[in-house]
Amino acid sequence: MNTRRKNQVASTAAQPFLKTQPSFEDLLYVFLLDCKHRNLSRRTIGFYEYSLLQMNKSFTEKNQTLNPCSVSLQDLQTYFVGPMINKTLAPHTINGRLKSCKAFFSFLLKHDYVAVNVAEKLTLLKAPKDTIHTFTHDQVLQLLRMPNQKTFTGLRDYTIMIVLLETGIRIGELLALTLKDINFKERELRIDPGKGGKARNVPFQKTCAKVLQTYISERGTTKIDILFVSLENGPLHIRSIQDRITDYGKMARITGVRVSPHTFRHSMSKMYIRNGGDPFSLQQILGHSSLEMVHTYVRLFSNEVREQHYRYSPVEHMKLE
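For the sequence shown, my numbering begins at 1148 and goes up steadily by one.
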């Protein structure tokens, strides 16, 4: 009498399709290609790529090779999560990289590159809520005084900070701007997030327009249409601008707040709300898909909103007896 075989396949035999295990670089390539086919935005794809490269770098720094097909949960915790915590990275930074890792391994499992999603059990850090730091008025003025506008790089960096503060756009969106994206007649920037995203027009006013025109005049004609260029007339990289703005913060001796392009975005939102701007137009300017983040700004800066209401109350201005 024949014995019925077990239907469960041994875990060691669960990957017959992998005659040779592909490298991390190979799998990263097919993952990013899939992201493009799914019409994810350039910003999302870029974030995935950066986060996953940081994960691979973390393994390399510990003299380990990241092989997604054989890596274990313990490996990820030891060589990826642990170093991030030891470097005291912000919780939202760590969580962003963990989410990218989870998306990567979920893709690998779905397409049979791995038998088990080892990243599934990685736990996100509990991030403190409502901890949005912004520049003060004086800190903004100090920062804007730092670039040497008698040099091209100084004028360019000054213009970048003015545009970030005026529009609240993301650094990736700013560095993707072309000359054709600037409409001086309507005083608007056209922000194109790429595939999967919805283009939007972001307004700017006279002072910002004047600064932009001064920079463009100095920029002159180049072979590329990118608005902000390097001394070699090539495109700028996000990391280089992040580092330059951080350096300006050190020069200005600004403490108590992270000096970064994204802090300009938060600061613009705060100043917009404080000056009486409405949440719905702010949502459109910032390019948020929902009002959730904008509501956070309103809630955080509610004291300032109450002060504005005190100054601009419709009933108080009627001076009823």
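All C-beta atoms in this analysis are idealised placements derived from N, C-alpha and C, irrespective of residue type, glycine included. It should be emphasised that the depicted structure is a prediction, and the values quoted were computed from it without experimental measurement.
Which one of the options has the shortest CA to CA distance from residue i?
i            : options                   : result
residue 1338 : 1433, 1213, 1171 and 1443 : 1433
residue 1408 : 1424, 1419 and 1385       : 1385
residue 1265 : 1302, 1300, 1170 and 1215 : 1215
residue 1231 : 1377, 1172 and 1203       : 1203
residue 1178 : 1208, 1247, 1238 and 1228 : 1247
residue 1302 : 1372, 1333, 1377 and 1279 : 1377
residue 1352 : 1306, 1365, 1331 and 1366 : 1331
residue 1327 : 1336, 1319, 1262 and 1320 : 1336
residue 1235 : 1383, 1293, 1274 and 1428 : 1274
residue 1379 : 1175, 1300 and 1253       : 1300
residue 1401 : 1205, 1282, 1442 and 1268 : 1282
List the whole-angstrom C-beta distance separating residue i from residue j, where the pair is believed to meet the contact cut-off of C-beta under 8 Å.
i            : j            : result
residue 1241 : residue 1272 : 5 Å
residue 1414 : residue 1444 : With 8 Å as the limit, residue 1414 and residue 1444 do not qualify as a contact, their Cβ atoms being about 11 Å apart.
residue 1168 : residue 1217 : 7 Å
Just list the residues that DSSP pairs residue i with in beta bridges.
i            : result
residue 1330 : 1335
residue 1325 : 1373
residue 1380 : Residue 1380 is not bridged to any residue.
residue 1347 : 1338
Go ahead and label residue i buried or exposed: buried means 16 or more other beta carbons lie within 10 angstroms of its beta carbon, across all protein chains shown.
i            : result
residue 1439 : exposed
residue 1397 : exposed
residue 1362 : buried
residue 1135 : There is no way to answer for residue 1135, as the model of the chain reaches only from 1148 to 1468.
residue 1314 : buried
residue 1461 : exposed
residue 1192 : buried
residue 1323 : buried
residue 1412 : buried
residue 1286 : buried
residue 1176 : exposed
residue 1171 : buried
residue 1427 : exposed
residue 1382 : exposed
Say whether chain D places a C-beta atom closer than 8 Å to the C-beta of residue i.
i            : result
residue 1213 : Among the chains of the structure shown, chain D does not appear; only one protein chain is present.
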